[in-house]
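The number in my numbering is simply the position in the sequence shown, starting from 1, with 8 added.
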Amino acid sequence: MTEISLTPTRRRALTALVNEFQRTDGPVRAKTVAAELGLETESFRRQMANLRDLDLVEGVRGPKGGYRPTEAAYSVLDREPIGDPETGVLARDFERIDAIVDDVRFTNVHHPELCRAQIQFQQSVQEFGEGDAVAIGISPGTELLLAGVIDAVQSTDNVLIVDVARLETPESDR
């Protein structure tokens, strides 16, 4: 398969579409995602036409129609379609949000004083900002908890870069 390179605008539109599709498990209307991205509906439709030409989205006709991502869309975004994913908990200022963590990368584990994590979510992270304190249940199966302060937000890729203050697991019953 040919490598597809997307502009930041197209990547952001495709990411928002995939997020909404996974949240609703059905075709996504243009006005829904356009509103989330702060775009006019027609601008978003033009983005979808470009992505359809790249075989990254399909149009669904009818009263409950809209757009849905193809398998290639997940591949371009380096994500996997998950039928019924486990949600973890993301908390900011004591407000809990159900979130699906796609990937966690510790970017500087050899540094003696700093520990940063790059955390990719399957939903938008636009409402977060630098300096926000967060606690994230990054792995529901292991109950691993990561707490820290957001250093950067990459909303195009749904990524938070967190300066890790604490990483803990529950004590085992040995």
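Heads up, the beta-carbon is just placed ideally off N, CA and C, and yes, glycines get one too. Because the structure is a prediction, the values reported are computed rather than measured.
No Cβ-Cβ contact shorter than 7 Å links residue 38 with residue 19. The Cβ atoms of residue 168 and residue 157 lie no closer than 7 Å to each other. For residue 61, the enclosing alpha helix (DSSP H) stretches over residues 49 to 61. Around the Cβ of residue 42, a 10 Å sphere holds 16 or more other Cβ atoms; the residue is buried.
Distance from the CA atom of residue 56 to the CA atom of residue 109, rounded to whole angstroms, is 26 Å.
Sequence-distant Cβ neighbours of residue 40 in its own chain, meaning closer than 7 Å and more than five residues away, are 28. Its chain contains 35, 36, 37 and 68 as the residues whose beta carbon lies nearer than 6 Å to that of residue 74, once the 5 sequence neighbours on both sides are disregarded; these appear in chain order.
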